[in-house]
Amino acid sequence: MRPEDCYASLSQNRAFAECKGRATRCVKVRVPVLKVFGDRSLGKHMAHAKSFNSSLLIWCILALSVPGALAQSAGPQPLPMPPQIAVPRDIPYLGTIRLNVEATDVERHIFSIREVIPVRGGEPVTLLYPQWLPGNHSPSARVDKLAGLTIHGNSTRLEWARDVVDVFAFHVAVPAGITSLDVEFQFASSIGSNEGRVVMTPDMLNLQWNAVVLYPAGYSARQITVEPSVRLSEGWQFATALETISSSGGITTFKPVSLEALVDSPIFAGRHFKRLDLDPAGPAPVHLNIVADQADQLEVKPEQLEAHRALVSQAYKLYGSHHYDHYDFLLAVTDHMGGIGLEHHQSSENATVPGYFTEWDKSADARDLLPHEYSHSWNGKFRRPADLWTPNFNVPMRDSLLWVYEGQTQYWGFVLAARAGLLTKQQALDALASTAATYDHRIGRQWRALQDTTNDPIIAMRRALPWRSWERSEDYYSEGQLLWLDADTLIRERSGGRKSLDDFARAFFGVNNGSYVPYTYTFEDVVNALKGIEPYEWAKFLRDRLDGHGPGAPLDGIARGGYKLVYTETPTDYFKGSETRRKVTDLTYSLGVVIGSEGRLTDVLWEGLGYKSGLTVGTQIIAVDGTTFDAGRIKDAIKNAQNNGPAIELLVKNDDRYRTVRIDYHDGLRYPRLERDTNVPARLDQILTPRN
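Offset between the sequence shown (1-based) and my numbering: plus 1154.
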């Protein structure tokens, strides 16, 4: 169709379908069509609308005015989105939810749940499964493990419909006259680690209330009251921050609490259980509750108990307050239940290695865990980033301040471990050396700033990475630790030793003693609090480290602390213990690889020697210099190659492909440690010294 034909079709009042069907050709020749119109105005054409189909006029005029519009309109158009889920309001819910969890099916790993949820008859309700989990900083809930959902009202089954956009929401039409919903479902927890974290075994369990509750949309979690109860296997004991009101027929019922407090109060239960008092004369009860795979793993020596008691006293001396009515460390000593390190306001939720107590000398690299989670009662649960706090568990979190929430907690975790005697000073220094070396080789800092790693809980959710040193992960933890060491030593240097980051901790986290109502903060609040301790350009200090790209790790805190990072051919005891516990051979600082079981690589340093030789995670080393691989043999080969010795020859396998790799490396084994610099005051020693 020619341009003038398209115009003529208007004046001749041809059918709308005809011009629409040929619209693409008209649009392609927009300029000639305009020439046909000449100086005739749109208004003049509209004046003739009675003489032809007005819809046709509008269609063609739009086509001539917006190139490609008609061509695009011939394709599909988006359907409207479903109505938005009701936003949470800060008003009380209309009644108390009764929640009962049957947790005795330990062989099949199934939790069975019954809820009674008050409703208003005739009003639809949307039930939410918690999605954004506190401490996870991400939408990591396993709604895929919710099964068997049925809902009744007055014994009549009510059908539910999952929201097609927000799959954590279930819509229910509530008939008139119904005042409560009877809800039943199962949480089919993982049987093997390939399905996710194992939370139930024949000997213990970890009940996380967020996994076993549905709650009404439209209300803040602190305004929804829940009366929880649980049935455990016969003879099992448990610990939780919840307070018990009755036990009968194997069922324990707890005092009603807000949904916010419930989700913040997990249960550890088990066949083998021990409870230890950590602060008999303190301002609030503090207990260490231990469940274990075997009874002999519960044996705690007096000096080990004293170190855990010292953790409580040293934390009080640091923060100058407490923000709980009582606190319960929940600790699982296990290699059957999945590992966890999660913070709560009035408890921890931690799993550690078998032998934590019985093989104390071999578990040093696991002993900063409890100090870290305990510190979170102040930093993370009480003082909380304003953009991370949300009114319920289905509102997205923002993680921009995790370098404070987790980074400073990581710092205090190691400091308190040393001050309490959970780590010796040397072990704490050796741990810091390992952290410093890791981030001094974290080449991904060139493209990805520390600030951006705070998005990793949402981006990666702790999935395995093939090139961690380049992709980066949750580096706000340990690179954040280095940042806060830098700040601590700078305050000490500038104030002549009169002030330190301890003063910041007391001023920032220690306020409102006894209160456990969350108190939020912003970047500006952090800066102003630091200025209140020691005047300085703290905003620039922080932004330089959060947004910078190196080169190398931020090691000023170590240098100002009176030490320097060096590499020697012998690993520290801490490094060796970590290798043993992880069951790896760590050659990161020589060949640029970490070797796991059966000679398979578990990590390869980006642009390291292994990387340049084409090695990847999963590559299996079959032989070293023509002889079957073992850890000692590859270390010997590195030693033999030192000082212009022969290149190291590896026979490697990827899938069904074999090849020989020659690595021309002659600098020997290299392991990180800290060396004292006597030209600088030993500020690090001061930091790690117990407070009187």
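Just so it is clear, CB atoms sit at the ideal spot from N, CA and C, and this is done for glycine as well. None of the values given here were measured: they were computed from a predicted structure.
For this session: For my contact list, isoleucine 1775 and valine 1738 are in at a C-beta cut-off of 8 Å; report their separation, rounded to the angstrom.
Result: About 13 Å separates the Cβ atoms of isoleucine 1775 and valine 1738, ruling out a contact at the 8 Å cut-off.
For this session: Assign proline 1146 to one of three DSSP states: helix, strand, or coil.
Result: With the chain represented from 1155 up to 1846, any question about residue 1146 goes unanswered, as that position is not in the structure.
Exercise. First and last residue of the beta strand (DSSP E) that includes glutamate 1313?
Worked result: Note, glutamate 1313: premise wrong, no beta strand (DSSP E); not H, not E.
Problem set entry | Helix, strand or coil at serine 1467 according to DSSP, with G and I counted as helix | Here serine 1467 carries a helix assignment [DSSP, helix/strand/coil].
Problem set entry | Coarse secondary structure for phenylalanine 1322, derived from DSSP in three states | Residue state, collapsed to three classes: coil.
Problem set entry | Spatial neighbours of serine 1343 in its chain, beta-carbon cut-off 6 Å, leaving aside the 5 residues before and after | Counting only residues of its own chain and dropping the five nearest sequence neighbours on each side, serine 1343 has a CB closer than 6 Å to the CB of His1263, Val1353, Met1354.
Exercise. Which partner residues does valine 1748 have in the DSSP bridge list?
Worked result: Asp1740, Asp1757.
Exercise. How many whole angstroms separate the CB atoms of alanine 1360 and valine 1417, which I take to be in contact at a CB cut-off of 8 Å?
Worked result: For the record, residue 1360 in the displayed sequence is asparagine; it is not alanine. That belief does not hold up - the Cβ atoms of asparagine 1360 and valine 1417 are roughly 14 Å apart, past 8 Å.
Exercise. Does the segment 1431-1445 come within contact of the segment 1637-1653, defined as at least 3 CB pairs closer than 8 Å?
Worked result: Touching, no, given that fewer than three Cβ pairs across the two stretches are closer than 8 Å.
Exercise. In the DSSP assignment, what residue or residues form a beta bridge with threonine 1814?
Worked result: In the DSSP output, where bridge partners are listed per residue, threonine 1814 has Leu1805.
For this session: Report the three-state DSSP secondary structure of isoleucine 1267 (helix, strand or coil).
Result: Residue state, collapsed to three classes: strand.
For this session: Assign lysine 1455 to buried or exposed, taking buried as 16 or more other Cβ atoms, counted over all protein chains shown, within 10 Å of its Cβ.
Result: Per the 10 Å Cβ criterion, exposed.
Problem set entry | arginine 1845 versus leucine 1496 - alpha carbon distance | Arginine 1845 and leucine 1496 have their C-alpha atoms spaced approximately 27 Å apart.
For this session: Report the three-state DSSP secondary structure of glutamine 1796 (helix, strand or coil).
Result: In the structure shown, glutamine 1796 sits in coil (DSSP, three-state: anything other than H, G, I, E or B).
Exercise. Counting along the chain, where does the beta strand (DSSP E) carrying phenylalanine 1341 start and finish?
Worked result: Element bounds for phenylalanine 1341: 1334-1342.
For this session: Along the beta strand (DSSP E) that carries phenylalanine 1427, what are the first and last residues, could you check?
Result: Counting along the chain, the unbroken beta strand (DSSP E) around phenylalanine 1427 starts and ends at 1427-1431.
Exercise. What are the residues that DSSP puts in a beta bridge with histidine 1306?
Worked result: Here histidine 1306 is bridged, per DSSP, to Arg1311, Asp1336.
Problem set entry | 8 Å Cβ cutoff met for leucine 1312 and valine 1326 | Remark: C-beta atoms of leucine 1312 and valine 1326 approach each other more closely than 8 Å.
For this session: Give the DSSP bridge partners of proline 1382, in chain order.
Result: For proline 1382, which the question treats as bridged, DSSP gives the partners Leu1253.
Exercise. Which residues mark the beginning and the end of the alpha helix (DSSP H) in which alanine 1693 is found?
Worked result: Going by DSSP, alanine 1693 is part of the alpha helix (DSSP H) stretching over 1692-1701.
Problem set entry | Residues of its chain near aspartate 1839, where Cβ-Cβ distance is below 6 Å and the 5 sequence neighbours each way are ignored | Here aspartate 1839 has no same chain residue with a Cβ atom under 6 Å from its own Cβ, once five neighbours each way along the sequence are excluded.
For this session: Pick out whichever of Val1411, Leu1556, Asp1642, Gly1372 has its Cα sitting closest to the Cα of asparagine 1533.
Result: It is Leu1556.
Problem set entry | Three-way DSSP call (helix, strand, coil) for glutamate 1733 in this model | Note: glutamate 1733 maps to helix in three-state DSSP.
For this session: In the DSSP assignment, find the beta strand (DSSP E) that holds leucine 1828 and state where it starts and stops.
Result: That run of the beta strand (DSSP E) goes 1825-1830.
Exercise. What did DSSP end up calling histidine 1441 once you bin it into helix, strand or coil?
Worked result: Of the three classes helix, strand and coil, the one that applies to histidine 1441 here is strand, per DSSP.
Problem set entry | Contact between the segment 1577-1592 and the segment 1673-1693 (3+ Cβ pairs under 8 Å) | Flag = no, the segment 1577-1592 and the segment 1673-1693 do not touch.
Exercise. Can you check whether the CB of histidine 1476 is closer than 8 Å to the CB of proline 1539?
Worked result: Contact: no.
Problem set entry | Where the beta strand (DSSP E) through tyrosine 1721 begins and ends | Note, tyrosine 1721: beta strand (DSSP E), 1717-1722.
Exercise. For arginine 1811, which option in Arg1837, Phe1783, Gly1768 has the closest C-alpha, if you only look at C-alpha atoms?
Worked result: It is Gly1768.
Exercise. Since tyrosine 1675 is in the beta strand (DSSP E), which residue starts that stretch and which ends it?
Worked result: That run of the beta strand (DSSP E) goes 1673-1675.
Problem set entry | Enclosing alpha helix (DSSP H) for isoleucine 1841 [first to last residue] | Taken as a continuous stretch (DSSP letters only), the alpha helix (DSSP H) holding isoleucine 1841 covers 1837-1842.
Exercise. Just reading off the beta strand (DSSP E) that arginine 1538 is part of, what are its end residues?
Worked result: Element bounds for arginine 1538: 1537-1539.
Exercise. What are the boundary residues of the alpha helix (DSSP H) that tyrosine 1593 is part of?
Worked result: Looking at the DSSP string, the run of the alpha helix (DSSP H) that includes tyrosine 1593 is 1579-1594.
Exercise. Is proline 1382 near leucine 1484, with beta carbons less than 8 Å apart?
Worked result: In this structure, the beta-carbon distance from proline 1382 to leucine 1484 does not fall below 8 Å.
For this session: For cysteine 1214, name the three-state secondary structure that DSSP assigns.
Result: Because cysteine 1214 carries a pLDDT of 38, less than 50, the predicted location of this residue cannot be relied on, and the following value inherits that uncertainty. Assigned with DSSP and collapsed to three states, cysteine 1214 falls in helix.
Problem set entry | phenylalanine 1191 - DSSP class collapsed to helix/strand/coil | Residue confidence for phenylalanine 1191 is low, a pLDDT of 34 falling below 50, so the modelled location carries little weight; the figure read from the coordinates is stated next. Correct three-state label for phenylalanine 1191: helix.
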